[in-house]
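Asker: Dropping a structure here in structure tokens format, bear with me for questions.
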Amino acid sequence: MTNNALTVPTRTRHQADLFKADFWEDMGLPQLKTSVADSFEDVARPAHTAVLEISAMPSALRQTIESAMVVCIPSPSELCGSNKDPLTAHWFTAWRRDPFELGLIECREVITGTHQELNKFREVLENLADEHRFEVQLRIVD
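Structural data, given as structure tokens:
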């Protein structure tokens with residue numbers, strides 16, 4: 015009795031076609047569903063500017079808000095481009111201690127994104143605010 019698994023030649027990383035989907039599936043990476051139509055529509059849409067205001071938020075939610083921003087607003091910011099000085103560019107959300115409540119934080123940031131991205135982010139923020147009892151407002155200004 016022969017073991018066919020030993021006689022079948024296996025492909026190596028160097029022999030694999032990197033453009034084939036099955037190579038990447040074998041790597042065990044998470045698969046994200048993407049739609050070319052959605053991506054194309056977002057590229058064609060102009061970016062909007064919005065003001066994000068959060069107050070009386072528990073500091074433990076800071077990472078959750080930052081992650082939601084990354085997931086909901088994948089388009090690059092219109093506020094910092096490649097021609098800006100990297101030492102003065104605005105790369106992060108400036109959180110401050112809430113002056114009225116111990117252990118709570120607040121922020122006020124200007125952000126950009128498509129109308130669809132900003133609405134998705136607003137929905138996530140409002141759900142978190144309802145659940146954790148803090149104040150949030152995302153106002154599109156243009």
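Numbering-wise (our numbering), the sequence shown opens with residue 15 and increments by one. From the three backbone atoms N, C-alpha and C, an ideal C-beta is built for every residue, glycine too.
Have a look at Arg147 and Phe114 and give me their C-alpha separation to the nearest angstrom.
Answerer: Numbered from its first residue, the sequence shown carries residue 147 at position 133. Numbered from its first residue, the sequence shown carries residue 114 at position 100. Answer to the nearest angstrom: the Cα atoms are 15 angstroms apart.
Asker: From Arg111, Thr63 and Glu120, pick the residue whose C-alpha is nearest to that of Ala143; which is it?
Answerer: Counting from one through the sequence shown, the residue named residue 143 turns up at place 129. The option with the nearest alpha carbon to Ala143 is Glu120.
Asker: For Val138, does the three-state DSSP call read helix, strand or coil?
Answerer: Stepping through the sequence shown from its first residue, residue 138 is reached at position 124. The answer is helix: DSSP assigns Val138 an H, G or I state.
Asker: Taking just the CA atoms, how far does Phe135 sit from Met83?
Answerer: Walking along the sequence shown from the start, residue 83 turns up at place 69. Walking along the sequence shown from the start, residue 135 turns up at place 121. Approximately 7 angstroms between the Cα atoms of the pair.
Asker: Would Leu116 be called buried (16 or more neighbouring beta carbons within 10 Å of its own) or exposed?
Answerer: For the purposes of this step, residue 116 is taken as the residue at position 102 of the sequence shown. Exposed.
Asker: Closest to Ala108 by C-alpha separation, out of Glu92, Asn133, Glu80 and Cys86, would be which residue?
Answerer: For the purposes of this step, residue 108 is identified with residue 94 of the sequence shown, where counting begins at 1. Looking at the Cα atoms, Glu80 is the closest of the given residues.
Asker: Express the C-alpha separation of Val150 and Leu139 in angstroms, rounding to a whole number.
Answerer: For the purposes of this step, residue 139 is taken as residue 125 along the sequence shown, with counting starting at 1. For the purposes of this step, residue 150 is taken as residue 136 along the sequence shown, with counting starting at 1. Approximately 7 angstroms between the Cα atoms of the pair.
Asker: Check for me: the beta strand (DSSP E) holding Ile87 runs from which residue to which?
Answerer: Translated into positions along the sequence shown, residue 87 becomes position 73. Ile87 -> no beta strand (DSSP E), and no H or E assigned at all.
Asker: Nearest-angstrom Cα distance between Ile68 and Ile87?
Answerer: Mapped onto the sequence shown, residue 68 falls at position 54. Mapped onto the sequence shown, residue 87 falls at position 73. Cα-Cα distance, rounded: 17 angstroms.
Asker: How many angstroms separate the CA atom of Asp112 from the CA atom of Arg153?
Answerer: Your numbering for residue 112 matches position 98 in the sequence shown. Your numbering for residue 153 matches position 139 in the sequence shown. Spanning the two alpha carbons is a distance of roughly 21 angstroms.
Asker: What residues in its chain sit with their C-beta under 7 angstroms from that of Val155, if we drop five residues either side in the sequence?
Answerer: Within the sequence shown, residue 155 is the residue found at index 141, counting from 1. Result list for Val155: Thr63, Ala64 and Val65, in chain order.
Asker: Less than 9 angstroms between the beta carbons of Ala61 and Thr128, yes or no?
Answerer: Residue mapping note: residue 61 aligns to position 47 of the sequence shown, counting from 1. Residue mapping note: residue 128 aligns to position 114 of the sequence shown, counting from 1. In this structure, Thr128 lies closer than 9 angstroms to Ala61 by Cβ.
Asker: State the beta-bridge partners of Leu118 as determined by DSSP.
Answerer: Within the sequence shown, residue 118 is the residue found at index 104, counting from 1. Partner(s): Pro72.
Asker: Which whole-angstrom value is the C-beta distance of Leu132 and Ser73, which I expect to be below 8 angstroms?
Answerer: Position 118 of the sequence shown holds residue 132. Position 59 of the sequence shown holds residue 73. About 24 angstroms; that fails the 8 angstroms criterion.
Asker: Out of Glu137, Gln77, Phe106 and Ile125, point me to the one whose CA is closest to Ser91's CA.
Answerer: Here residue 91 refers to the residue found at position 77 of the sequence shown. The option with the nearest alpha carbon to Ser91 is Ile125.
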